[in-house]
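Engineer:
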Amino acid sequence: MSLLVVGSVAFDAIETPFGKTDKIVGGAASYISLAASYFTKSTNLVAVVGEDFPQEFIQHLNKHGVDTTGLQVKQGEKSFFWSGKYHTDMNSRDTLVTELNVLADFDPIIPEAYQNCEYLMLGNLTPKIQQTVLERLTKRPKLVVLDTMNFWMEIALDDLKETLKMVDVLTINDEEARLLSGEYSLVKAAAKIQAMGPKYLIIKKGENGALLFHGTEVFFAPALPLEEVFDPTGAGDTFAGGFIGYIAKTGDISFEGMKNAIIFGSAMASFCVEKFGTERIIDLSETELNTRVNAFKKLVNFSI
Ligand code: AMP
């Protein structure tokens, strides 16, 4: 079933304790659409890049079955650029540079063929643009998932709160949940955030897994303990891509369905962190994915 992904497609420069990259391809929507493509062959992308963006990556997306008709290429302009540096524990990072470039006046034009999408994943972007996408869809999708970050909470909180009223699922990390709600307890934060609009809330906790909240129900998915975490950039987006991709495959938007989707999202994210950027998730085999999902099942399986 068809999925529409909107978000940044970008260049990133990353520094981790294991190494440093020059500008490599990144961006929320790059990770999301790649991850989702392992579950649904009907992923459509709306994003914007500058003329500096490599055609080769767009071809990679197309090879994965991602439709890029909605990807605008702005001649004479530069792509969005983000740079970050991780601390030794790899759980936290500092943003060094955010250059919006083409994203500053991005007008998300939705191709006619994308209008009937059943699932919408609004990746990290200006909240106002995320809202515009929703307003431009003639039919509301069956499920709308939104990802955002502290950057937007700090500079566009009112817009973000408006946008939150329009979505079903919000994915943020624990630090962002605390910032958005003003509550330290994640349970209290979840209640406050659900009252802002999204009836489902996913709180990502990096190497400590993820929590799914819905009313008084809670589900926890661990992160797979890995020998080496090389670069966590995009793990949250890859998680979101696996999550929404799996939902688009099954069509099950119940709490039970989301529990499974979170495991698939976590499995996808566990690959992402093994190499820099999108390198590890660009060419996964079905066997690799199934083996990893089974490792998750084994990790949490016990009989009392
Ligand atoms: P994550 O590690 O999952 O939080 O995602 C990192 C990705 O988000 C990087 O590839 C960045 O290009 C992208 N990103 C960082 N800041 C922003 C922003 N303000 N707006 C949109 N995308 C961003």
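Here the sequence shown is numbered in our numbering, starting from 1394 and rising by one per residue. All C-beta atoms, glycine included, are put in the ideal place defined by N, C-alpha and C.
Tell me whether E1649 sits in a helix, a strand or coil according to DSSP, three-state version.
Structural biologist: Residue state, collapsed to three classes: helix.
Engineer: Within 10 angstroms of the Cβ of L1489, are there 16 or more other Cβ atoms? Answer buried if so, exposed if not.
Structural biologist: Exposed: under 16 other Cβ atoms inside 10 Å.
Engineer: Going by the beta-carbon positions, is the gap between D1630 and Y1424 smaller than 9 angstroms?
Structural biologist: A contact, by the Cβ cut-off of 9 angstroms.
Engineer: From T1462, K1413, A1497, K1471, pick the residue whose C-alpha is nearest to that of F1404; which is it?
Structural biologist: Of T1462, K1413, A1497, K1471, the residue nearest in Cα terms is K1471.
Engineer: Excluding the 5 residues flanking A1491 on each side, which residues of the same chain have their C-beta closer than 6 angstroms to its C-beta?
Structural biologist: Before going further, note that residue 1491 is Thr rather than Ala in the sequence given. These residues qualify, in order along the chain: W1475.
Engineer: Out of K1416, K1521, M1559, which one is the CA nearest neighbour of L1536?
Structural biologist: The option with the nearest alpha carbon to L1536 is M1559.
Engineer: Which partner residues of H1607 appear in the DSSP bridge assignment?
Structural biologist: Paired residue(s): E1610.
Engineer: Classify D1540: buried if its beta carbon has 16 or more other beta carbons within 10 angstroms, exposed otherwise.
Structural biologist: D1540 is buried by the Cβ-count criterion.
Engineer: Check whether the Cβ atoms of D1624 and F1669 sit closer than 9 angstroms, and answer yes or no.
Structural biologist: Contact flag set, yes.
Engineer: Return the first residue and the last residue of the beta strand (DSSP E) that K1532 is part of.
Structural biologist: It is not in any beta strand (DSSP E) - K1532 carries neither H nor E in the DSSP assignment.
Engineer: By Cβ distance, which residues of its chain are closer than 8 angstroms to N1494, with the 5 residues on each side in sequence left out?
Structural biologist: Correct list, in chain order: G1443, E1470, K1471, S1472, F1473, F1474.
Engineer: Can we count D1676 as close to the ligand AMP, meaning its CB is less than 8 angstroms from some heavy atom?
Structural biologist: False, no ligand heavy atom lies under 8 angstroms from that Cβ.
Engineer: Here's the rule: buried if 16 or more other CB atoms are within 10 angstroms of the residue's CB, otherwise exposed. What is T1680?
Structural biologist: It is exposed - the Cβ of T1680 has fewer than 16 other Cβ atoms within 10 Å.
Engineer: Classify N1509 as helix, strand or coil using the three-state DSSP reduction.
Structural biologist: If DSSP states are grouped into helix, strand and coil, N1509 belongs with coil.
Engineer: Beta-carbon separation of R1685 and A1654 under 9 angstroms?
Structural biologist: No, the pair does not count as a contact, with Cβ atoms beyond the cut-off.
Engineer: Is it buried or exposed, Q1524, if we count other Cβ atoms within 10 angstroms and call 16 or more buried?
Structural biologist: Buried, because 16 or more other Cβ atoms sit within 10 Å of the Cβ of Q1524.
Engineer: Once DSSP output is grouped into helix, strand and coil, what is the label at S1423?
Structural biologist: Note: S1423 maps to helix in three-state DSSP.
Engineer: Quickly, what does DSSP pair Q1465 with across the bridge? List them, please.
Structural biologist: Looking at the DSSP assignment, Q1465 forms a beta bridge with V1441.
Engineer: Measure how close the beta-carbons of G1705 and A1421 come, nearest whole angstrom, since I'm counting them as under 8 angstroms.
Structural biologist: Residue numbering for the chain in the displayed model covers 1394 to 1697; residue 1705 lies beyond these limits and cannot be assessed.
Engineer: Less than 8 angstroms between the CB atoms is what I'm expecting for M1514 and I1596, so what's the real figure, rounded?
Structural biologist: The Cβ separation is near 17 angstroms, so there is no contact.
Engineer: Could you check if A1440 belongs to the surroundings of the ligand AMP, using beta carbon to heavy atom distance under 8 angstroms?
Structural biologist: No; taking the cut-off as 8 angstroms, the Cβ of A1440 has no heavy atom of the ligand AMP nearer than that.
Engineer: So, at 6 angstroms on beta carbons, what are the nonlocal neighbours of T1462 in its own chain, with the 5 sequence-adjacent residues on each side left out?
Structural biologist: Excluding residues within five positions, the ones whose Cβ falls inside 6 angstroms are P1504.
Engineer: Output the distance between the C-alpha atoms of V1538 and G1590, rounded to the nearest integer angstrom.
Structural biologist: So the two alpha carbons sit approximately 12 angstroms from each other.
Engineer: Hey, is S1435 close to the ligand AMP, as in C-beta under 8 angstroms from one of its heavy atoms?
Structural biologist: The answer is no for S1435.
Engineer: Measure the beta-carbon distance from I1656 to A1614 and round it to whole angstroms, keeping in mind my assumption that it falls under 8 angstroms.
Structural biologist: With a Cβ gap of about 6 angstroms, I1656 and A1614 count as contacting.
Engineer: Report the three-state DSSP secondary structure of V1666 (helix, strand or coil).
Structural biologist: Note: V1666 maps to coil in three-state DSSP.
Engineer: Got a sec? Which residues, its chain only, sit under 8 angstroms from N1437 by beta carbon, not counting five neighbours each side?
Structural biologist: S1395, L1396, L1397, V1398, V1459, D1460, T1462, G1463, P1504, A1506, Y1507, C1510.
Engineer: Hey, is N1517 close to the ligand AMP, as in C-beta under 8 angstroms from one of its heavy atoms?
Structural biologist: Yes.
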